[in-house]
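Letter by letter, the sequence shown follows residues 186 to 453 of the working numbering. Here a beta-carbon is modelled for each residue, glycine too, at the ideal position from N, C-alpha and C.
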Amino acid sequence: NYFGYDRFSELFVNPVFRGNEVTGVVVFDQDITEYQQALNEKNGLLKSAMEHHENMLKAILDTQEQERKRISQDLHDGLGQILSAAKLTLTSGIDEVRELVDEQLIEKAEYGISLLNSAIEETRSISRQIMPSALMHFGLESALKDLFKTVSSKEKFEVNYYFKISSPLEKLMEIHLYRIVQEFLNNTIKHSDATELTVNLIEEDQFLTLMMEDNGLGFDVGIQLQKNSLGLKNMMTRANYLSAGISIDSVPGHGCTITLDIPLTKQY
């Protein structure tokens with residue numbers, strides 16, 4: 186502090202020699218107050234911009250999840266109920282007129298009911314993908330197990346998983362972790378031609394480590410990042426929201442491994 190204001194200095198100290206003996210020093214004092222103040226202002230603006238970006242990202246992701254939840258509920262409570270009521274009405278009507286109506290008309294009506302069954306199942310499937318009820322009511326582990334069971338029954342590869350979580354996770358963290366795993370699964374199904382997928386979720390020393398691995402075709406990470414791959418971008422965006430470190434390890438012909446280290450100390 187210099188006469189009531191902060192003063193920043195940079196000192197240069199040079200020894201003075203007489204022969205081989207140091208007989209004194211020369212000290213140069215350079216005032217760098219203006220430079221330091223400008224640097225502090227720049228760092229402050231950068232910090233504010235980063236905080237603003239993080240807040241915007243949080244708002245966007247939160248809005249997306251709220252909208253997903255609303256659409257899921259509308260599908261389940263609205264369209265799903267209407268389709269179920271239509272099926273019940275048609276089934277009841279067929280039973281009442283079965284002896285009075287031509288058999289071909291009955292077959293057409295029954296085919297219509299089978300289409301309604303398919304529509305009901307598809308509506309439920311879409312609703313679960315948008316916002317799984319297991320995630321909202323029973324937590325991340327239960328929702329992921331349901332997801333793996335569904336994928337294994339429909340696709341040609343098996344899913345191996347291991348969970349070791351002792352701390353309760355905040356709901357927003359569970360949602361983002363679920364979306365990251367879901368995105369990895371979708372990418373594996375669409376692009377990797379994998380036969381096996383492994384997902385480990387392990388808590389240790391105030392960190393939660395998520396490791397996802399497949400034995401598929403792999404890809405060039407640099408090229409995919411340059412292409413601004415939507416799948417990788419979505420995972421990285423959510424990882425950033427969780428303040429997680431993310432590692433993407435893949436080369437063509439050797440599968441893909443994605444690892445996230447998420448601090449459990451952050452509040453959402």
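Residues near residue i in its chain [Cβ-Cβ closer than 6 Å; skip 5 each side]
i: residue 445; result: 395, 424, 429 and 431
i: residue 419; result: 368
i: residue 399; result: 373, 377, 379, 382, 440 and 441
i: residue 356; result: none
i: residue 195; result: 215 and 217
i: residue 350; result: 388
i: residue 435; result: 403, 404, 406 and 441
i: residue 256; result: 315
Distance CB(residue i)-CB(residue j) smaller than 8 Å
i: residue 359; j: residue 324; result: yes
i: residue 362; j: residue 373; result: no
i: residue 253; j: residue 315; result: yes
i: residue 403; j: residue 438; result: yes
i: residue 333; j: residue 346; result: yes
i: residue 193; j: residue 217; result: yes
i: residue 272; j: residue 231; result: no
i: residue 449; j: residue 410; result: no
i: residue 148; j: residue 279; result: Because residue 148 is not part of the residues shown, which for the chain are 186 to 453, the question remains open.
i: residue 427; j: residue 408; result: no
i: residue 331; j: residue 317; result: yes
i: residue 294; j: residue 320; result: no
i: residue 397; j: residue 443; result: yes
Beta-bridge partners of residue i, as assigned by DSSP
i: residue 197; result: 213
i: residue 445; result: 395 and 431
i: residue 410; result: Beta-bridge pairing links residue 410 to no other residue.
i: residue 383; result: 345 and 398
i: residue 203; result: 206
i: residue 306; result: Per DSSP, none; premise fails for residue 306.
i: residue 389; result: 392
Own chain partners of residue i with C-beta closer than 7 Å, once the 5 adjacent residues on each side are dropped
i: residue 456; result: Outside the shown range of the chain (186 to 453) lies residue 456, about which nothing can therefore be said.
i: residue 137; result: In the structure as shown, the chain starts at 186 and stops at 453, and residue 137 therefore has no counterpart that could be examined.
Beta-carbon contacts of residue i that lie in its chain and below 8 Å, excluding the five residues immediately before and after
i: residue 269; result: 305
i: residue 208; result: 201 and 202
i: residue 210; result: 198, 199, 200 and 201
i: residue 186; result: With a pLDDT of 47 at residue 186, under the threshold of 50, the modelled position of that residue is not reliable, and no figure is offered here.
**Asked** Which ranges does the beta strand (DSSP E) cover as unbroken runs of at least 3 residues, wholly within the stretch 313-369, from first to last along the chain?
**Response** 343-349
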